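Colleague:
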Amino acid sequence: EVQLVQSGAEVKKPGESLTISCKASGYIFTGYWISWVRQKPGKGLEWMGKIDPSASYSNYSPSFEGRVTISADKSVSTASLQWTNLKASDTAIYYCARHRGYYESVDFWGQGTLVTVAS
Amino acid sequence: QSVLTQPPSVSGAPGQTVNISCSGGKSDIGSNYVYWYRQFPGTAPRSLIYRSNQRPSGVPDRFSGSKSGTSASLAISGLRSEDEADYYCAAWDDSLRGVVFGGGTTLTVL
Chain X
8 EVQLVQSGAE VKKPGESLTI SCKASGYIFT GYWISWVRQK PGKGLEWMGK IDPSASYSNY
68 SPSFEGRVTI SADKSVSTAS LQWTNLKASD TAIYYCARHR GYYESVDFWG QGTLVTVAS
Chain H
10 QSVLTQPPSV SGAPGQTVNI SCSGGKSDIG SNYVYWYRQF PGTAPRSLIY RSNQRPSGVP
70 DRFSGSKSGT SASLAISGLR SEDEADYYCA AWDDSLRGVV FGGGTTLTVL
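Here's what the structure looks like:
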């Protein structure tokens with residue numbers, strides 16, 4: 008059974024750094040891309056970027072380029088999303104999701120990680 | 010502003026059929042598969058339709074997807090109260106080299 012289990016909720020202050028994680032199981036981690044998707048309170052889904060775990064190659068939506076870093080550790084089948092300078096506007100739920108195939112959308116989703124940034 | 014366009018809301022009576030539209034362009038829906046997701050409040054999205062018209066195991070055949078040109082549609086027949094949720098369409102975008110989503114449609118069962 009495919010599972011994506013994300014790390015727990017975080018509360019941070021503006022300017023702080025943060026890394027959240029997404030541990031995959033039930034499939035070959037390096038065989039499928041992983042994307043991160045943001046959902047602000049009461050709003051829709053926004054694609055942030057993706058990583059190919061086999062090559063650790065990532066690309067980002069222009070809206071998120073330079074603001075976050077997506078990485079993957081094949082040895083523990085885990086993808087990560089990192090910020091170095093959080094802003095209050097980063098408050099949202101963040102989902103990791105697995106792509107069904109190359110150049111397709113995602114099919115399996117993690118449970119989401121709530122990130123709250125407040126002073 | 011989302012790349013794919015969905016109606017903000019649709020409604021229907023129990024037992025009726027509703028259709029949710031999703032409009033895009035040449036580089037997304039026009040060139041790639043459409044996916045549909047359902048999201049209940051406080052939970053993660055879950056796949057409802059993949060590859061434009063395929064249902065994952067466990068999704069009832071009351072849900073069906075179609076695609077034509079740069080538009081797609083999700084049909085839900087035999088509406089039930091438990092179908093009330095937000096529905097999102099998505100597709101790979103060749104220009105973005107990423108996924109684009111619709112803004113979401115809230116379904117209300119009257």
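Going down the list, the sequences are from chains X and H.
Using my numbering, read the first sequence as starting at 8 and increasing by one per residue.
Using my numbering, read the second sequence as starting at 10 and increasing by one per residue.
For every residue, glycine included, the Cβ atom is placed at its ideal position computed from N, Cα and C.
Note that the structure is predicted; figures quoted are calculated from it, not measured.
Restricting to Cα atoms, I'd like to know which of H:LEU116, H:PHE110 and H:THR117 is closest to GLU53 of chain X.
Modeller: Here residue 53 of chain X refers to the residue found at position 46 of the first sequence. With distances taken between Cα atoms, GLU53 of chain X lies closest to H:PHE110.
Colleague: Taking 8 Å as the threshold (C-beta atoms), are VAL43 of chain H and GLY67 of chain H in contact?
Modeller: Within the second sequence, the letter at position 58 stands for residue 67 of chain H. Within the second sequence, the letter at position 34 stands for residue 43 of chain H. The answer is no: Cβ separation not under 8 Å.
Colleague: Identify, in the order they occur along the chain, each residue of the same chain with its Cβ nearer than 7 Å to the Cβ of THR117 of chain H, setting aside the five sequence neighbours on each side.
Modeller: As a first step, residue 117 of chain H must be located in the second sequence, where it is residue number 108. Once the five neighbours on either side are set aside, the close Cβ partners of THR117 of chain H are SER18, SER20 and GLU93.
Colleague: Hey, out of X:GLU23, X:ASP80 and X:ALA16, whose CA is closest to ILE58 of chain X's CA?
Modeller: Your numbering for residue 58 of chain X matches position 51 in the first sequence. Nearest of X:GLU23, X:ASP80 and X:ALA16 to ILE58 of chain X, Cα basis: X:ASP80.
Colleague: Measure from the C-beta of PRO54 of chain H to each C-beta in chain X and report whether the shortest distance is under 8 Å.
Modeller: Taking the first residue of the second sequence as position 1, residue 54 of chain H is located at position 45. Judged by the 8 Å Cβ criterion, PRO54 of chain H is in contact with chain X.
Colleague: Check whether chain H comes within 8 Å of TRP90 of chain X, counting only Cβ atoms and requiring the distance to be less than that.
Modeller: As a first step, residue 90 of chain X must be located in the first sequence, where it is residue number 83. So, not an interface residue.
Colleague: Look at the alpha carbon of TYR109 of chain X and the alpha carbon of TRP101 of chain H, and state the distance between them as a whole number of angstroms.
Modeller: Here residue 109 of chain X corresponds to residue number 102 of the first sequence, with the count starting at 1. Here residue 101 of chain H corresponds to residue number 92 of the second sequence, with the count starting at 1. The alpha-carbon atoms of TYR109 of chain X and TRP101 of chain H are separated by roughly 9 Å.
Colleague: Looking at the C-beta of ARG45 of chain X, does it have a partner C-beta in chain H at a distance below 8 Å?
Modeller: As a working mapping, residue 45 of chain X is identified with position 38 in the first sequence. Taking Cβ atoms only, chain H never reaches closer than 8 Å to ARG45 of chain X, which makes this a no.
Colleague: Does DSSP classify SER90 of chain H as helix, strand or coil?
Modeller: Walking along the second sequence from the start, residue 90 of chain H turns up at place 81. In the structure shown, SER90 of chain H sits in a helix (DSSP, three-state: H, G or I).
Colleague: What in chain H is Cβ-close to GLU53 of chain X, meaning under 8 Å?
Modeller: By one-based count along the first sequence, residue 53 of chain X stands at place 46. Simply PHE110.
Colleague: Per DSSP, which residues does GLN63 of chain H bridge with? Please list them.
Modeller: Along the second sequence, read from residue 1 onward, the residue named residue 63 of chain H stands at position 54. In the DSSP output, where bridge partners are listed per residue, GLN63 of chain H has H:TYR59.
Colleague: Between the alpha carbons of SER86 of chain H and GLN89 of chain X, how many angstroms are there, rounded?
Modeller: The residue labelled residue 86 of chain H in the question sits at position 77 within the second sequence. The residue labelled residue 89 of chain X in the question sits at position 82 within the first sequence. Near 42 Å, if we compare the C-alpha coordinates of GLN89 of chain X and SER86 of chain H.
Colleague: Ordered along the chain, which non-local residues of its own chain (more than five positions away) have a Cβ less than 8 Å from that of GLY15 of chain X?
Modeller: Here residue 15 of chain X corresponds to residue number 8 of the first sequence, with the count starting at 1. Once the five neighbours on either side are set aside, the close Cβ partners of GLY15 of chain X are THR120.
Colleague: Counting only the same chain and skipping the five closest in sequence on each side, list residues whose C-beta sits under 6 Å from that of SER69 of chain X.
Modeller: Taking the first sequence and counting its residues from 1, one reaches residue 69 of chain X at position 62. Here the sequence assigns Pro to residue 69 of chain X, which means Ser is not the residue at that position. Correct list: empty, nothing qualifies.
Colleague: Would you decide whether GLU111 of chain X is buried or exposed? Buried here means 16 or more other CB atoms lie within 10 Å of its CB.
Modeller: As a position in the first sequence, residue 111 of chain X is number 104, starting the count at 1. Buried, by the Cβ-count rule.
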